[in-house]
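Numbering (our numbering), first residue to last: 70 to 581. Ideal Cβ positions, reconstructed from N, Cα and C, are used throughout, including at glycine. Since the structure is predicted, the reported quantities are computational estimates derived from the model, not experimental observations. The structure under discussion appears below in the form of structure tokens.
In structure tokens:
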């Protein structure tokens with residue numbers, strides 16, 4: 070109202086409209102509109118100047134004619150649709166254009182797309198007024214997770230693994246970083262933040278996070294409690310931590326907007342492919358990310374990448390020589406099978422068998438697991454997050470366990486093929502008939518060990534006779550060899566041939 074009063078004073082002094090506009094810094098048409106309202110009020114300048122700001126504003130609002138559009142039935146039907154638009158736009162992949170098409174579906178004579186957006190934004194501003202924030206170069210980085218997840222195929226089990234999607238945005242240039250991660254846990258979250266700083270090739274002065282547990286232990290509007298590991302990470306990169314206010318998405322509107330954009334630009338194209346590792350899906354994301362950052366921004370002649378290179382890149386703090394690497398520590402007892410359990414992943418890792426029963430220290434980060442005994446590292450493994458699986462180094466196992474760990478169908482079939490086709494067929498049947506693999510492996514090992522005692526030729530004949538009896542077991546082959554039946558001629562017609570008797574076969578008379 071101070072500028073309105075200045076217009077009235079200058080007008081009363083006889084100053085021209087052009088001069089009033091120049092002195093007040095107002096557009097000439099705005100000056101004309103104020104003076105028109107002055108004349109319509111039929112009051113003197115002195116009388117209007119004596120009114121308070123609130124009373125003067127109320128009088129002007131009452132005198133200002135409303136837009137005729139707001140009084141039409143067409144606009145009233147549209148305005149009733151706006152609350153649904155506001156709610157629908159919060160869902161991933163929903164766009165204003167799609168909602169406009171839905172609107173035209175039930176109101177074919179409704180407004181066009183441009184007017185639809187214009188009136189919706191006017192309605193939204195009146196409903197949710199927010200302040201405009203000026204972002205300074207190199208000042209803040211905003212981070213968050215997308216609500217919608219991506220998927221990766223586990224090549225070992227064929228299961229689909231749900232992946233979190235991390236998003237980071239620099240405040241001034243709006244350069245964006247996106248990556249998929251296994252979880253939102255502290256180590257994964259910090260690792261994603263490290264990767265984003267490496268992508269930006271510098272660190273801002275502050276990082277603005279949501280109130281997720283990986284960053285904030287206790288949220289508060291005035292004094293949030295920061296996770297110790299995250300505080301150490303921020304200190305390593307000389308950044309302040311600024312958690313967004315609880316339930317205040319407008320405090321990190323930039324990253325919220327970036328999430329909506331990647332839903333439309335990156336998600337559909339990623340979901341067209343099949344990825345079997347975190348590295349492969351992130352490689353695809355980064356290719357699309359470069360395309361996204363290099364596109365001209367809406368309503369502007371430059372891209373995020375160009376704006377970053379021109380202004381913000383030079384204002385970021387240099388990265389330290391060594392990247393931050395969070396490691397966790399736990400104490401575990403080596404089990405009798407010389408494995409230790411990483412309970413967080415429910416996965417087991419081998420250590421040398423001489424440490425069975427010892428208490429060891431397990432240090433692990435996102436990619437590696439180290440096992441120490443009295444300050445000596447005794448095992449190093451790549452971290453594997455498959456639940457209830459075992460990661461073993463053959464040298465860690467005792468000789469018998471190492472041999473058993475190498476059991477597999479191909480190895481038994483390969484050994485049987487050397488002995489002969491009869492042995493190969495028998496071993497193949499044993500492997501297919503036993504309900505549990507270990508039962509089959511033990512029987513196969515027993516049959517093949519007989520060859521070291523009697524020779525490959527006798528074992529081959531014994532296996533052929535066991536196939537003749539249709540009794541595919543280690544005990545049958547052993548009895549055939551013990552009784553010397555393998556040295557007899559094979560009968561040409563043998564429909565009623567019975568297996569040789571031994572202590573473990575009762576015979577048909579038993580069941581009469």
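Euclidean distance between Cα positions of residue 426 and residue 501: 37 Å
Classify residue 121: buried if its beta carbon has 16 or more other beta carbons within 10 angstroms, exposed otherwise. exposed
Could you say if the region 353 to 368 and the region 256 to 266 meet the contact criterion of at least three C-beta pairs nearer than 8 Å? no
Comparing C-alpha positions only, which one of 405, 437 and 414 sits nearest to residue 583? This structure cannot settle anything about residue 583, because the visible part of the chain is limited to 70 through 581.
Excluding the five sequence neighbours on either side, which residues of its own chain have a C-beta within less than 7 Å of the C-beta of residue 351, listed in chain order? 248 and 249
Residue 523 in three-state terms, based on DSSP: helix
Give me the DSSP bridge partner(s) of residue 239. 210
Measure from the alpha carbon of residue 242 to the alpha carbon of each residue in 557, 118 and 364, then state which is nearest. 364
Identify whether residue 252 lies in helix, strand or coil by the three-state DSSP scheme. coil
Can you give me the C-alpha to C-alpha distance between residue 494 and residue 419, rounded to a whole angstrom? 36 Å
Could you pull the start and end residues of the beta strand (DSSP E) that residue 312 belongs to? 309 to 312
Look up residue 458 in the DSSP assignment and say whether it is helix, strand or coil. coil
In chain order, what residues of the same chain have a beta carbon less than 7 Å from the beta carbon of residue 264, not counting five sequence neighbours either side? 248
Proximity to residue 423 [Cα-Cα], best of 537, 406, 413 and 145: 406
Name the residue from 272, 516, 225 and 396 whose alpha carbon lies nearest to the alpha carbon of residue 237. 272
Can you tell which of 73, 515, 220 and 551 has the C-alpha that lies nearest to the C-alpha of residue 349? 220
So residue 163 is in the alpha helix (DSSP H); what residue range does that whole segment cover? Taken as a continuous stretch (DSSP letters only), residue 163 belongs to no alpha helix (DSSP H), as it is neither H nor E.
Beta strand (DSSP E) containing residue 401: first to last residue? 397 to 402
Which residues DSSP lists as bridging residue 220, in chain order: 231
For the region 402 to 451, list the beta strand (DSSP E) runs that are entirely contained and at least 3 residues long, ordered along the chain. 408 to 411, 416 to 419, 428 to 433, 437 to 442 and 445 to 451
At the level of alpha carbons, what is the spacing between residue 115 and residue 80? 11 Å
Thinking C-beta only, is residue 168 closer than 9 Å to residue 157? yes
If you run the structure through DSSP and keep just helix, strand and coil, what is residue 371? coil
Which value, in whole angstroms, describes the spacing of the CA atoms of residue 481 and residue 439? 34 Å
Hey, residue 435 and residue 256 are a contact pair by Cβ (cut 8 Å); roughly how many whole angstroms apart? 5 Å
From this set, 523, 559, 550 and 518, which residue's C-alpha is nearest residue 537's C-alpha? 559
Using the three-state DSSP reduction, which class does residue 247 fall into: helix, strand or coil? strand
Measure the alpha-carbon distance for residue 178 versus residue 112 and round it to whole angstroms. 44 Å
For residue 100, the first and last residue of its enclosing alpha helix (DSSP H): 97 to 110
Using the C-alpha atoms, what's the distance from residue 123 back to residue 87? 28 Å
N- and C-terminal bounds of the alpha helix (DSSP H) containing residue 276: Segment 275 to 278 is the beta strand (DSSP E) holding residue 276; no alpha helix (DSSP H) there.
Taking just the CA atoms, how far does residue 299 sit from residue 311? 12 Å
Could you work out which residue in 76, 107 and 453 is closest to residue 224 when comparing CA atoms only? 453
Between residue 213 and residue 100, is the Cβ-Cβ spacing less than 9 Å? no
Pull up the CB-CB distance for residue 347 and residue 251, whole angstroms please, since I reckon it's below 8 Å. 7 Å
Looking at the unbroken alpha helix (DSSP H) that takes in residue 306, where does it start and where does it end? Segment: none, residue 306 is in no alpha helix (DSSP H) and carries neither H nor E.
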